[in-house]
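Residue numbers (this note's numbering), protein chains in the order written: chain A, 21 to 445; chain B, 21 to 445.
Please read the structure below before turning to the comments.
Number of protein chains: 2
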Amino acid sequence: MVPHLITALTGPINELEQRVLDSMPAIERWFRLEWMEHTPPFYSSVDIRNAGFKLAPVDTNLYPGGWHNLTPEMLPLAVQAAMAAIEKICPEAKNLLLIPENQTRNTFYLSNLGQLRRIFHMAGLNVRIGSISPDIKQNTTVELPNGESVTLEPVQRIKGRLGLKHFDPCTILLNNDLAAGIPGILEDLHEQYLLPPLHAGWSVRRKSRHFQSYEEVSKRFGKLLGVDPWLINPMFGQCGRVDLSQDTGLDCLRSNVDGLLTKIRRKYKEYGIPEKPFVVVKADDSSGGMGIITVRDVKALDALKLKHQDDAPRVSEVIIQEGVLTYERMHDAVAEPVVYMMDRYVVGGFYRIHAERGADENLNAPGSSFVPLAFEQSTHLPQPGVKPGASAPNRFYMYGVIGRLAMLAASYELEATDPNAEAYA
Amino acid sequence: MVPHLITALTGPINELEQRVLDSMPAIERWFRLEWMEHTPPFYSSVDIRNAGFKLAPVDTNLYPGGWHNLTPEMLPLAVQAAMAAIEKICPEAKNLLLIPENQTRNTFYLSNLGQLRRIFHMAGLNVRIGSISPDIKQNTTVELPNGESVTLEPVQRIKGRLGLKHFDPCTILLNNDLAAGIPGILEDLHEQYLLPPLHAGWSVRRKSRHFQSYEEVSKRFGKLLGVDPWLINPMFGQCGRVDLSQDTGLDCLRSNVDGLLTKIRRKYKEYGIPEKPFVVVKADDSSGGMGIITVRDVKALDALKLKHQDDAPRVSEVIIQEGVLTYERMHDAVAEPVVYMMDRYVVGGFYRIHAERGADENLNAPGSSFVPLAFEQSTHLPQPGVKPGASAPNRFYMYGVIGRLAMLAASYELEATDPNAEAYA
Numbered sequence: 021m022v023p024h025l026i027t028a029l030t031g032p033i034n035e036l037e038q039r040v041l042d043s044m045p046a047i048e049r050w051f052r053l054e055w056m057e058h059t060p061p062f063y064s065s066v067d068i069r070n071a072g073f074k075l076a077p078v079d080t081n082l083y084p085g086g087w088h089n090l091t092p093e094m095l096p097l098a099v100q101a102a103m104a105a106i107e108k109i110c111p112e113a114k115n116l117l118l119i120p121e122n123q124t125r126n127t128f129y130l131s132n133l134g135q136l137r138r139i140f141h142m143a144g145l146n147v148r149i150g151s152i153s154p155d156i157k158q159n160t161t162v163e164l165p166n167g168e169s170v171t172l173e174p175v176q177r178i179k180g181r182l183g184l185k186h187f188d189p190c191t192i193l194l195n196n197d198l199a200a201g202i203p204g205i206l207e208d209l210h211e212q213y214l215l216p217p218l219h220a221g222w223s224v225r226r227k228s229r230h231f232q233s234y235e236e237v238s239k240r241f242g243k244l245l246g247v248d249p250w251l252i253n254p255m256f257g258q259c260g261r262v263d264l265s266q267d268t269g270l271d272c273l274r275s276n277v278d279g280l281l282t283k284i285r286r287k288y289k290e291y292g293i294p295e296k297p298f299v300v301v302k303a304d305d306s307s308g309g310m311g312i313i314t315v316r317d318v319k320a321l322d323a324l325k326l327k328h329q330d331d332a333p334r335v336s337e338v339i340i341q342e343g344v345l346t347y348e349r350m351h352d353a354v355a356e357p358v359v360y361m362m363d364r365y366v367v368g369g370f371y372r373i374h375a376e377r378g379a380d381e382n383l384n385a386p387g388s389s390f391v392p393l394a395f396e397q398s399t400h401l402p403q404p405g406v407k408p409g410a411s412a413p414n415r416f417y418m419y420g421v422i423g424r425l426a427m428l429a430a431s432y433e434l435e436a437t438d439p440n441a442e443a444y445a
Numbered sequence: 021m022v023p024h025l026i027t028a029l030t031g032p033i034n035e036l037e038q039r040v041l042d043s044m045p046a047i048e049r050w051f052r053l054e055w056m057e058h059t060p061p062f063y064s065s066v067d068i069r070n071a072g073f074k075l076a077p078v079d080t081n082l083y084p085g086g087w088h089n090l091t092p093e094m095l096p097l098a099v100q101a102a103m104a105a106i107e108k109i110c111p112e113a114k115n116l117l118l119i120p121e122n123q124t125r126n127t128f129y130l131s132n133l134g135q136l137r138r139i140f141h142m143a144g145l146n147v148r149i150g151s152i153s154p155d156i157k158q159n160t161t162v163e164l165p166n167g168e169s170v171t172l173e174p175v176q177r178i179k180g181r182l183g184l185k186h187f188d189p190c191t192i193l194l195n196n197d198l199a200a201g202i203p204g205i206l207e208d209l210h211e212q213y214l215l216p217p218l219h220a221g222w223s224v225r226r227k228s229r230h231f232q233s234y235e236e237v238s239k240r241f242g243k244l245l246g247v248d249p250w251l252i253n254p255m256f257g258q259c260g261r262v263d264l265s266q267d268t269g270l271d272c273l274r275s276n277v278d279g280l281l282t283k284i285r286r287k288y289k290e291y292g293i294p295e296k297p298f299v300v301v302k303a304d305d306s307s308g309g310m311g312i313i314t315v316r317d318v319k320a321l322d323a324l325k326l327k328h329q330d331d332a333p334r335v336s337e338v339i340i341q342e343g344v345l346t347y348e349r350m351h352d353a354v355a356e357p358v359v360y361m362m363d364r365y366v367v368g369g370f371y372r373i374h375a376e377r378g379a380d381e382n383l384n385a386p387g388s389s390f391v392p393l394a395f396e397q398s399t400h401l402p403q404p405g406v407k408p409g410a411s412a413p414n415r416f417y418m419y420g421v422i423g424r425l426a427m428l429a430a431s432y433e434l435e436a437t438d439p440n441a442e443a444y445a
């Protein structure tokens, strides 16, 4: 099922699509050479926004949930990619311990766990799910809407190893973004493979660091294709730690927002884009406290100060990012594509849609729903020769390329933040 | 579309299927460890026969044709596997030269070329087709039934490199089994990747060598699963060079046929199988001269001598192989599964069916046709817990395992026959 793409038939994005398709062999070779030098994240998902005149990633998740939203047709690709990933990292693996988020009652999330368990079981591993939640003191089985069930077992830490009762895994797969910090029970597991590494968690990651890497990637990719990197790169600024209740913090925010809006305005003028620029202000470490704020005018920041709630954390690390409209629609609801990757392979994706949000708003919010993309005949199956914008597979191939660029940026980012980096030097 | 499997609901094959499913993580791990030590063939296809009481490969092709018989759903898996293969062998590759058989007028074969071109193009390579046939003196474009076209271009050898006019490939992919010998134009291409290597061609390969490797593989696999390797291994004997017009040659053949029939009879007795044993006699090097002869009684060999045609080559290297019935049927036609692999991955398959052949006859003959298997949700997607024999995905997973065992045997075989082996030691 392919949504009607408002942007499908017109706009500068079609030029980009044409350029991407024409350069397909060069692009694939470029990725191959990059993966010789850099290690892809174990798995990832990337939220993409297509503004018609620009196509950019806005969020790169290194502990992706939502695997159950992929269609059954995408499953074999995910299994094959999981085989490749396991083979490369830990070919001798027998047992895999999957460590989920602590949301033990959310059936959507538990369906995601069921799907991950299926993928890695089919890749040839014994998979069990070990919860690090203090609420899970004994085996807890939850029925899923599809009739299957998921059993969460309490983890056991025995000296240097993490496991379950009668289950000693050689590999531990985190599906927990560690936003609340790295729990002690996961530290110093030197005898087991811990995937992804702990520094991929949000207690260490910063969005600004990721988009700094992405900017570097987009410049090199833009050079390869001969296109302005801005067409795929959301500009950003940062303020470090900002106390939103103090004027001093707001000053930095104000000047960054102002500067970024000016830069966007200049770009819009260059390309003749009749839209009103906006930026989004959000926590650099993805902590939920301040939410995601859309700002079209620097004056709105004063209101923001007044609106600031007393119970929210007053001090945040903040990133100010160029807002990217999404012009894709499905049944009148605003839609944005999400691309899923395992190892270096795009294995699927879906549209996140939200009927009550606008084209300039965050869709990853309560009320959103998901429509699988025909990614399985997409990211791998571009159709050369078809008119730009007219071919869903060609459009999806481009999304897969952007998703992989963000994944590559995450790879750079993880290298730069690796606490054990010296050990390899 | 899944054919009705006569063997699906009963018979010892279900025990094997159950054992294979129960051991899935062990099997996948075993393959992973094998591929750490051995290099899979670049691509391969394996003909499998399911006799209900026994399941065995009967032919392993290292230059597989028939890629166009795979369904569109299987294409993304093939593309992803091709990406993995290219990345491992020649990540810097830009241009791929595909060298086909010299059958320049067979549209089925040309459709196969079109499909291979599509797969490797989508994996990110510039693909062109270079013929080594003396008939191709200029670019020759042939329309395919699906509306596409294939252009065969004459190859050019310039010093140490093979290419086309204005096309210098770093990688050459052979889809020509070299049964007629290795042409000089393909020798000493030390500057380019030649895939598969020349010693994978039928001028060097011997079926007896392959099945000797397969016997070794099946013994180790049987041990892993705790099953009699005979359940997956066709026994064989060989005579070296036999002159079918002379009594001396026939003597060796006669004693081998007799000995093999006795061994099969013993196995049939052990398992209570009420079938009449038979063997097949065929050229060890796959040369077409003598065809494939089914022998149920050693006396039939005398008739064979008389029937021998004057224009056929009188001297052949011969392999005598245990005949494996195929009990699978589709619309009353005898069917046998063919499994396709790229690198170490099963990417698809189909049933070869032949309405005019018997369960003990070779189906790879004029008049055969092809029905795609639902392999895409099959070899990767076994359904644990389903009653043995009742699940097509479980059956196909088992076929994929047998296919990979034969591929592993081919890997052993290529190591043993590698003329440059010393250079690596």
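Idealized CB from N, CA, C, for every residue including glycine.
Remember, predicted model here, so these are calculated numbers, not experimental data.
{"Asked": "Contact under 8 angstroms by Cβ, F19(B) with Y291(B)", "Found": "Residue 19(B) is absent from the model: chain B starts at 21 and stops at 445."}
{"Asked": "Meets three-Cβ-pair contact criterion under 8 angstroms: the stretch 414-434 of chain A and the stretch 47-59 of chain A", "Found": "yes"}
{"Asked": "Runs of beta strand (DSSP E) lying entirely within the stretch 114-192 of chain B, each at least 3 residues, in chain order", "Found": "115-120, 146-151, 160-163, 169-174, 176-178, 181-183"}
{"Asked": "Supposed close pair I284(B), M255(B) - CB separation, criterion 8 angstroms", "Found": "7 angstroms"}
{"Asked": "contact_flag[the stretch 136-146 of chain A, the stretch 123-142 of chain B] where n(CB pairs < 8 angstroms) is 3 or more", "Found": "no"}
{"Asked": "Contacts of W55(A) in chain B (Cβ-Cβ under 8 angstroms)", "Found": "E107, P111"}
{"Asked": "Interfacial residues, the stretch 126-149 of chain B to chain A, with Cβ spacing under 8 angstroms", "Found": "H141, M142, A143, G144, L145, N146"}
{"Asked": "Buried versus exposed, by CB contacts within 10 Å (16 or more), P45(A)", "Found": "buried"}
{"Asked": "Alpha-carbon to alpha-carbon, E342(A) and E235(A)", "Found": "13 angstroms"}
{"Asked": "Contact with chain B by E93(A), beta-carbon distance below 8 angstroms", "Found": "yes"}
{"Asked": "Cα-Cα separation, L273(A) to Q258(A)", "Found": "8 angstroms"}
{"Asked": "Alpha helix (DSSP H) segment containing S64(A), residue limits", "Found": "Where S64(A) is concerned, there is no enclosing alpha helix (DSSP H), although the beta strand (DSSP E) it sits in stretches over 63-70."}
{"Asked": "Nearest candidate by alpha-carbon position, reference V66(A), set L36(A), R372(A), G387(A)", "Found": "R372(A)"}
{"Asked": "Neighbour flag for K239(A) against chain B, beta carbons, 8 angstroms", "Found": "no"}
{"Asked": "Alpha carbon of S131(A) to alpha carbon of T191(A), nearest angstrom", "Found": "22 angstroms"}
{"Asked": "Within chain A, the residues that E48(B) reaches when beta carbons sit closer than 8 angstroms", "Found": "M103, A143, G144, L145"}
{"Asked": "Segment contact flag, the stretch 358-378 of chain B with the stretch 87-94 of chain B, C-beta cutoff 8 angstroms, min 3 pairs", "Found": "yes"}
{"Asked": "Distance CB(E173(A))-CB(N159(A)) smaller than 8 angstroms", "Found": "yes"}
{"Asked": "Simplified DSSP assignment, three categories, for F370(B)", "Found": "strand"}
{"Asked": "G260(B), DSSP secondary structure in three states", "Found": "strand"}
{"Asked": "Residue from N276(A), R49(A), T124(A) whose Cα sits closest to the Cα of A104(B)", "Found": "R49(A)"}
{"Asked": "Neighbouring residues, chain B, relative to Q38(A) (Cβ below 7 angstroms)", "Found": "Correct list: empty, because the minimum Cβ distance to chain B is about 17 angstroms."}
{"Asked": "Distance CB(L75(B))-CB(L117(B)) smaller than 8 angstroms", "Found": "no"}
{"Asked": "M362(A) - partner residues in DSSP beta bridges", "Found": "Y63(A), Y365(A)"}
{"Asked": "8 angstroms CB neighbourhood of D188(A) in its chain, flanking five on each side removed", "Found": "N115, R181"}
{"Asked": "DSSP-derived helix/strand/coil call for I293(B)", "Found": "coil"}
{"Asked": "Separation of D363(B) from E107(B), as counted between CA atoms", "Found": "11 angstroms"}
{"Asked": "Close-in-space but distant-in-sequence residues of the same chain around T437(B) (CB under 8 angstroms, 5 per side omitted)", "Found": "H219, V224, R225, R229"}
{"Asked": "CB contact flag (T346(B), V354(B), <8 angstroms)", "Found": "yes"}
{"Asked": "Status (buried if at least 16 other CB within 10 Å, exposed otherwise) for I152(A)", "Found": "buried"}
{"Asked": "Whole-angstrom distance between P96(A) and E35(A), CA atom to CA atom", "Found": "32 angstroms"}
{"Asked": "Any C-beta of chain A under 8 angstroms from that of R415(B)", "Found": "no"}
{"Asked": "Cβ pair Y417(B), I68(B) closer than 8 angstroms", "Found": "no"}
{"Asked": "Pair within 8 angstroms by beta-carbon distance, A303(A) and E337(A)", "Found": "yes"}
{"Asked": "Classification of P165(A) by the beta-carbon crowding that lies within 10 angstroms, buried from 16 upward", "Found": "exposed"}
{"Asked": "Chain-ordered neighbours of L97(B) on chain A, where CB pairs are closer than 8 angstroms", "Found": "P96, L97, Q100"}
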